[in-house]
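Engineer: I have a structure here, written as structure tokens, and I will follow up with some questions on it.
Number of protein chains: 2
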Amino acid sequence: MKSGLTAKDLRLTHKYMLTAAECDARGTISPALMTERIIEVATQHANLLGIGYADLSQHGIGWVLSRMALCMQRWPRFNRNFALHTWIEDVNRLYSTRCMRITGEDGDTIGEARTIWAAINTADRTPADISILGLDSLVIGADGISVPRPGRIPPCSAEDVRASYTWRYSDIDINRHVNSVRYIETMLDIWPLEHYDTHRIAQLDIIYQHECLCGQTVAVAARDVAVTTHEIQQIPTSAPLQASDVELLRDGKRVCAAHIVWKEG
Amino acid sequence: MKSGLTAKDLRLTHKYMLTAAECDARGTISPALMTERIIEVATQHANLLGIGYADLSQHGIGWVLSRMALCMQRWPRFNRNFALHTWIEDVNRLYSTRCMRITGEDGDTIGEARTIWAAINTADRTPADISILGLDSLVIGADGISVPRPGRIPPCSAEDVRASYTWRYSDIDINRHVNSVRYIETMLDIWPLEHYDTHRIAQLDIIYQHECLCGQTVAVAARDVAVTTHEIQQIPTSAPLQASDVELLRDGKRVCAAHIVWKEG
């Protein structure tokens, strides 16, 4: 373990209360804001462990979120407390996997996530070797998290394109690239509000492949796909399940893809 | 004063630290997020004073932000602390005016805002009489805040229309109307990123006139206007100032308008 750290530091819990301004039309947290919270807590914990933005920038490298799998039994509601608990599951030369347990106000588990982070050389955005960071002593393992790692998402076809969107000032982050949370909003926004009144997201897998710049235009493609037997076993519900694959394409090249399992109700 | 409240409760301070995910491309807080924080702190303080969402909903009424004037000498930067201090300036039968002082990490004032809130009957969205709420004992006055109340913003003309935008799921809040912060993003997004590299907002006045629904389309119109002598006196800078009026129009009818004073640099 790194000097100055104790076993307690290997986990971080952050408590939240969902305000009205943070709710979507159903009065629950939106999947995009939940992702923002997940990234926020991961960032805080990395800072605490001495492997955060300030630490890595000395080596000319930085973390980028590469993949996420999020499975929610229920979404935090307006005016209610919830908490995110995070720890590092494992590391290799290129990636660090971080688990999240999401608990409700009674401390019961209401969701789980696996996030896979890559390090890049900030100058040229190429993959960086993270074995120099000495993360091994910070690894805890899955510790009961059962959401599967995000798998391959097959490509959509040209006739699946449903919308296009041009990135604007408000979509851009401190790295001058499109904010990863805005990718999620842009994908989810192809469904009308009525769809969200009758369907909730039970699982969201997302794969980030390329960064986008302000002014670039993406096409949003989506198609219905079969729910797998494994997903039916994994998601504890009596409600009917449906699934969709979505992708963002810039000049025909995929920049981001998502697999969504919808639960009716 | 209401029972159980002390003089100390008449002001609320909320401290923040600006994370990377909360920064715009220049590494400072965006005007939209600053507005979100202002609304958040106003909401927290109203809850503390017993005039918040839960209290008013018993009377079938709720607060809506009607106008805001925000004047920033400098914007909070990445990884730095800032704080919002709020209190009620005055009330009448239809409106409550709330002041905000924004301080930097040394406690120095870096900005000021005046926000004007109306109460509406939540069933039919008509104006509600807030004199029943007994707010008089909560009033403190301007207490040194000098940013002028937002004034009238003259209409743009048809040839000023620069963009259109259709509201989507991610733009909608718990009231099933477009989030007031998204109005600001949509207005600011007509300028390219390069504009924000060379200009900062010194003053932002915003007037909310009508609510929008998911699926509705707004036109965004903007025109350059003269900086007033009063603004030149009000804004302490040696940098050249410019000004723009912007409006959102739904079927030709104004739903929201802004007056922006830009500072070069």
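If you read the sequences in order, they're chains L and S.
Its first residue numbered 1, the first sequence is counted upward by one per residue in this note's numbering.
Its first residue numbered 266, the second sequence is counted upward by one per residue in this note's numbering.
No residue lacks a Cβ here, since even glycine has one placed at the ideal position from N, Cα and C.
Computed from a prediction, not measured in an experiment: that's the story for all the values here.
What first and last residue would you give for the alpha helix (DSSP H) that runs through Gln-233(L)?
Structural biologist: 229 to 234
Engineer: Return the Cβ separation of Cys-23(L) and Asp-438(S) in integer angstroms, given the expectation that the two are a contact with Cβ distance under 8 Å.
Structural biologist: 7 Å
Engineer: Within 8 Å of any Cβ in chain L, is that where the Cβ of Asp-320(S) sits?
Structural biologist: For Asp-320(S), not one C-beta of chain L is nearer than 8 Å to its own C-beta.
Engineer: To the nearest angstrom, how far is it from the Cα of Asp-510(S) to the Cα of Ala-393(S)?
Structural biologist: The alpha-carbon of Asp-510(S) is positioned some 30 Å away from that of Ala-393(S).
Engineer: Decide if the stretch 30 to 48 of chain L is in contact with the stretch 166 to 183 of chain L; the criterion is three or more beta carbon pairs, one per stretch, under 8 Å apart.
Structural biologist: Yes, the stretch 30 to 48 of chain L is in contact with the stretch 166 to 183 of chain L.
Engineer: Closer than 8 Å by beta-carbon distance: list the chain S residues that pair up with Arg-77(L), in chain order.
Structural biologist: Going along chain S, no residue has its Cβ under 8 Å from Arg-77(L), so there is no contact; the nearest lies around 10 Å.
Engineer: Is Thr-482(S) buried or exposed, if buried means 16 or more other CB atoms sit within 10 Å of its CB?
Structural biologist: exposed
Engineer: Under 8 Å by Cβ, that's how I've got His-195(L) and Lys-263(L) pegged, so tell me the actual separation to the nearest angstrom.
Structural biologist: Contact doesn't hold; Cβ gap of about 12 Å is too wide.
Engineer: Could you list the residues in the stretch 101 to 123 of chain L with a C-beta less than 7 Å from some C-beta on chain S, going in chain order?
Structural biologist: none
Engineer: Considering only C-alpha positions, which residue in the set Thr-186(L), Trp-87(L), Cys-156(L) is nearest to His-290(L)?
Structural biologist: Lying outside 1 to 265, the shown extent of chain L, residue 290(L) is not represented and no answer is given.
Engineer: Does the distance from the CB of Ala-258(L) to the CB of Leu-204(L) come in under 8 Å?
Structural biologist: Against a cut-off of 8 Å, the Cβ pair of Leu-204(L) and Ala-258(L) comes out as a contact.
Engineer: Would Asp-438(S) count as contacting chain L if we go by Cβ distances under 8 Å?
Structural biologist: For Asp-438(S), the nearest CB of chain L lies under 8 Å from its own CB, placing it at the interface with that chain.
Engineer: For Arg-162(L), which of Ala-202(L), Gln-73(L), Pro-192(L) has the nearest alpha-carbon?
Structural biologist: Nearest to Arg-162(L) by alpha-carbon distance, out of Ala-202(L), Gln-73(L), Pro-192(L), is Pro-192(L).
Engineer: Which residues of chain S have a Cβ atom closer than 8 Å to the Cβ of Ser-244(L), listed in chain order?
Structural biologist: Neighbours of Ser-244(L) on chain S: none; closest Cβ ~14 Å, over 8 Å.
Engineer: At what residues does the alpha helix (DSSP H) containing Thr-300(S) begin and finish?
Structural biologist: Per DSSP, Thr-300(S) belongs to the alpha helix (DSSP H) from 296 to 313.
Engineer: Closest to Ile-381(S) by CA distance: which of Leu-277(S), Thr-271(S), Arg-332(S), Arg-441(S) is it?
Structural biologist: Arg-332(S)
Engineer: The beta strand (DSSP E) with His-259(L) in it runs from where to where?
Structural biologist: 253 to 264
Engineer: Going by other Cβ atoms of all chains shown within 10 Å of its Cβ, with 16 needed for buried, is Ala-113(L) buried or exposed?
Structural biologist: Result: buried.
Engineer: For His-85(L), count neighbouring C-beta atoms within 10 Å of its own C-beta (all shown protein chains included) and say buried if the count is 16 or more, exposed if not.
Structural biologist: buried
Engineer: Should Gly-265(L) be flagged as near chain S, meaning a C-beta pair shorter than 8 Å?
Structural biologist: For Gly-265(L), no CB of chain S lies under 8 Å from its own CB, so it is not counted at the interface with that chain.
Engineer: Can you say whether Pro-31(L) is buried or exposed, counting buried as having 16 or more other CB atoms within 10 angstroms of its CB?
Structural biologist: buried
Engineer: Give the range of the beta strand (DSSP E) segment to which Asp-205(L) is assigned.
Structural biologist: 199 to 208
Engineer: Taking the C-alpha atoms as reference points, what is the distance between Arg-223(L) and Thr-186(L)?
Structural biologist: The alpha-carbon atoms of Arg-223(L) and Thr-186(L) are separated by roughly 15 Å.
Engineer: Tell me which same chain residues have a C-beta within less than 8 Å of the C-beta of Glu-105(L), skipping the five on either side of it?
Structural biologist: Arg-80, Asn-81, Phe-82
Engineer: Taking the alpha-carbon positions, what's the Gly-292(S) to Ile-385(S) distance?
Structural biologist: Taking the straight line from one Cα to the other gives about 37 Å.
Engineer: Less than 8 Å between the CB atoms is what I'm expecting for Val-485(S) and Tyr-430(S), so what's the real figure, rounded?
Structural biologist: With 8 Å as the limit, Val-485(S) and Tyr-430(S) qualify as a contact, their Cβ atoms being about 7 Å apart.
Engineer: Between which two residues does the beta strand (DSSP E) carrying Arg-447(S) extend?
Structural biologist: Where Arg-447(S) is concerned, there is no enclosing beta strand (DSSP E), although the alpha helix (DSSP H) it sits in stretches over 445 to 453.
Engineer: Determine the extent of the alpha helix (DSSP H) in which Ala-54(L) is found, giving its start and end residues.
Structural biologist: 53 to 57
Engineer: Kindly indicate which three-state DSSP category Glu-459(S) falls into: helix, strand or coil?
Structural biologist: helix
Engineer: State the start and end residues of the unbroken beta strand (DSSP E) segment that holds Thr-238(L).
Structural biologist: The question names Thr, but residue 238(L) is Ser in the sequence shown. Unbroken run through Ser-238(L): none, as it is neither H nor E.
Engineer: Sort Leu-359(S), Thr-387(S), Arg-366(S) by Cα distance to Cys-336(S) and report the nearest one.
Structural biologist: Arg-366(S)
Engineer: For Ile-130(L), tell me which candidate among Asp-108(L), Ile-61(L), Asp-143(L) has the shortest Cα-Cα distance.
Structural biologist: Ile-61(L)
Engineer: CB of Ala-46(L) to nearest heavy atom of the ligand GTP: below 7 Å?
Structural biologist: No copy of the ligand GTP occurs in the structure displayed, which carries no ligand at all.
Engineer: Going along chain L, which residues have a C-beta under 8 Å from Arg-465(S)?
Structural biologist: Those do not exist, as Arg-465(S) stays about 13 Å from chain L at its closest Cβ, beyond 8 Å.
Engineer: Under three-state DSSP, which class holds Lys-273(S)?
Structural biologist: When DSSP states are grouped into helix, strand and coil, Lys-273(S) belongs to the helix group.
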